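Enquirer: Using my numbering, you'd call the opening residue of the sequence shown number 25 and step up by one each time. Quick reminder that beta carbons are idealized off the backbone N, C-alpha and C, glycines included. It should be emphasised that the depicted structure is a prediction, and the values quoted were computed from it without experimental measurement.
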Amino acid sequence: MEVSYPFTGIVDQQAMKRALLVNAVSPDVNGVLLRGERGTAKSTAVRALSAILPDIEAVADCPYGCPPDDRDRM
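1) With distances taken Cα to Cα, identify the nearest neighbour of K41 among S67, P78, R62.
2) Report the residue from I76, G55, D93 whose alpha carbon sits nearest the alpha carbon of T32.
3) Look up T64 in the DSSP assignment and say whether it is helix, strand or coil.
4) Taking buried to mean at least 16 other C-beta atoms within 10 Å of its own C-beta, is D84 buried or exposed?
5) Taking C-alpha atoms, which residue in R59, P78, T64, P87 lies nearest to V49?
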């Protein structure tokens with residue numbers, strides 16, 4: 025497993041961290057667009073968040089993360 029910077033270690037980016045966390049727990053958000061200058065922890069924050077989220081089961085080769093138990097939605 026690849027080691028990533030801890031999400032809690034990112035400082036002075038409270039709005040970005042809150043947006044990522046809300047997106048992770050609320051299906052109504054539908055995504056977050058991160059933009060900013062180089063070196064502002066955009067990629068680091070996303071990698072750090074993905075390290076603490078649980079794994080999900082998905083259908084292989086489905087670009088949309090299709091749930092394996094819901095064939096009607098594919």
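Expert: In this structure, then:
1) The sequence position of residue 41 within the sequence shown is 17, counting from 1. The candidate whose alpha carbon is nearest that of K41 is S67.
2) In the sequence shown, residue 32 corresponds to position 8, counting from 1. It is I76.
3) Reading the sequence shown from its first residue, position 40 is the one you call residue 64. Coil.
4) Sequence index remark: in the sequence shown, residue 84 carries index 60 (1-based). Inspection of the sequence shows that residue 84 is occupied by Ala rather than by Asp. Taking all protein chains shown into account, A84 has fewer than 16 neighbouring C-beta atoms within 10 Å of its C-beta and is therefore exposed.
5) Reading the sequence shown from its first residue, position 25 is the one you call residue 49. Comparing Cα positions, the closest option is P78.
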